[in-house]
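**Q**
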Amino acid sequence: MNLTGQLRQLRLIRLDCLHQVWEVEHLKKVFETFDVDCVFDVGANYGQYAEMLRKKVGYRGLIVSFEPIPDAVDHLRKLAARDPRWRVEQVALSNTSGEQAFNIMAESQFSSLSSPRHDETVLFRDKNTIRNSIPVKTETLSRAYARLRAELGFIRPFLKLDTQGYDVEIVRSGAEVLPDFIGLQSELAVRKLYEHSVDFVEALAEYRSHGFTLTAFVPNNGGHFPQLIETDCIMLRSDLVLEG
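Those letters in the sequence shown? Residues 46 to 289, by our numbering.
#1: For the alpha helix (DSSP H) holding Ala126, just list the boundary residues, first then last.
#2: Is it true that the CB of Val181 sits closer than 7 Å to the CB of Phe155?
#3: One question on the structure: do Ala261 and His120 come within less than 7 Å of each other, judged by their Cβ atoms?
#4: Would DSSP call Phe79 helix, strand or coil?
#5: Which whole runs of the beta strand (DSSP E) in the segment 164 to 245 are 3 residues long or more, in chain order?
#6: Do Ala248 and Val286 have their CB atoms nearer than 7 Å?
#7: So for Ala151, helix, strand or coil by DSSP?
#8: Rank Lys205, Phe85 and Leu223 by C-alpha distance to the C-alpha of Cys278 and give the top, closest one.
#9: For the alpha helix (DSSP H) that contains Glu96, what are its first and last residues?
#10: Go to Ile279, then tell me how far its beta strand (DSSP E) extends in each direction, as first and last residue.
#11: Grab me the residues of Leu57's own chain with a C-beta within less than 7 Å of its C-beta, minus the 5 sequence neighbours each way, in chain order.
#12: Ignore the nearest five residues each way along the sequence and tell me which others in Val69's own chain have a CB closer than 8 Å to its CB.
#13: Strictly under 7 Å for the Cβ-Cβ distance: is Tyr211 near chain B by that measure?
#14: Which value, in whole angstroms, describes the spacing of the CA atoms of Glu275 and Arg127?
#15: Expressed to the nearest angstrom, what Euclidean distance is found between the alpha-carbon atoms of Phe226 and Leu193?
#16: Within this structure, are the beta carbons of Ile215 and Leu186 separated by less than 7 Å?
#17: Using the Cα positions of Arg236 and Asp244, report the straight-line distance between them to the nearest angstrom.
#18: Where DSSP assigns a beta bridge to Ala146, which residues make up the other side?
#19: For Ala151, which residues of its own chain have a beta-carbon under 6 Å away from its beta-carbon, when the five flanking residues on both sides are left out?
#20: Excluding the five sequence neighbours on either side, which residues of its own chain have a C-beta within less than 7 Å of the C-beta of Ala95, listed in chain order?
#21: State buried or exposed for Arg253, treating a residue as buried only when at least 16 other CB atoms are found within 10 Å of its CB.
#22: In terms of alpha-carbon separation, which member of Ala125, Ala117, Lys74 and Val84 lies closest to Val136?
#23: Given this structure, state the Cα-to-Cα distance separating Phe79 from Asn140, to the nearest angstrom.
#24: Closest by CA to Phe257, which one among Gln230, Pro271 and Pro264?
See the structure below:
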């Protein structure tokens, strides 16, 4: 390849976006290889993950965003109004179906069904503090999956979890339907920020016990040097990895 050809392959990447490159590239491979036709965007917040899938990963299939915070839901619905393959569910996935108190934190991305803790790091003491608690509708993963699959007819879904300390609880609530997902992405706690947080080693063991194999660790933020607070894992159903 000549110099001109090499230059054409170069990309300029903003330093504050550098951490997302590996996530995007890995998800492209996952979605294309296994023909993902639906993403459960659990803990959608203001649509950051869904927009990343559309704009950077190039995914054009169905997205179902689960989010309980009213302001965030309003924003999501405005975005989804321009995208016929994007659906918004105003519900928090949890370990029970019904209603629970949901903690709105000083910074919305930290909001959670769980209560904050600061004994392992004090970096987020101001942001991860309860500003308000509201009642929200909750649903288990198994129940949401059965309801939505009957209506939407997807067959190769992918599960993304970003629920601030509740990912493992949600996975446990969907044990019977997990074999239908081709893979999952979950936030792993290296330093626990919530009362319900599970240590990353325990979380990985839990996901493996449900038949998933680790394929990548990807940063989910620009970092907090010298501390490592959290990272994401991307896992695939083990039979798909063995077939590959």
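Built from N, CA and C at the ideal position, the CB exists for glycine as well.
Please read all numbers here as calculations on a predicted model, not as lab measurements.
**A** Taking the structure as given:
#1: Segment: none, Ala126 is in no alpha helix (DSSP H) and carries neither H nor E.
#2: no
#3: no
#4: Of the three classes helix, strand and coil, the one that applies to Phe79 here is coil, per DSSP.
#5: 175 to 184, 202 to 206 and 228 to 234
#6: no
#7: Coil at Ala151, not helix or strand.
#8: Lys205
#9: Per DSSP, Glu96 is one residue of the alpha helix (DSSP H) stretching across Gln93 to Met97.
#10: Glu275 to Arg282
#11: Residue placement at Leu57 is flagged as unreliable, the pLDDT there being 48, under the threshold of 50; the coordinate-derived value follows with that caveat. Here the set comprises nothing.
#12: Met97, Lys101 and Val102
#13: Absent here is chain B; the protein component of the structure consists of one chain.
#14: 33 Å
#15: 13 Å
#16: yes
#17: 8 Å
#18: DSSP lists Pro180 as partners of Ala146.
#19: Closer than 6 Å at Cβ, skipping near neighbours: Lys172, Thr174 and Arg176.
#20: Asp86, Ala89, Ile108, Ser110 and Trp131
#21: exposed
#22: With distances taken between CA atoms, Val136 lies nearest to Ala117 out of Ala125, Ala117, Lys74 and Val84.
#23: 28 Å
#24: Gln230
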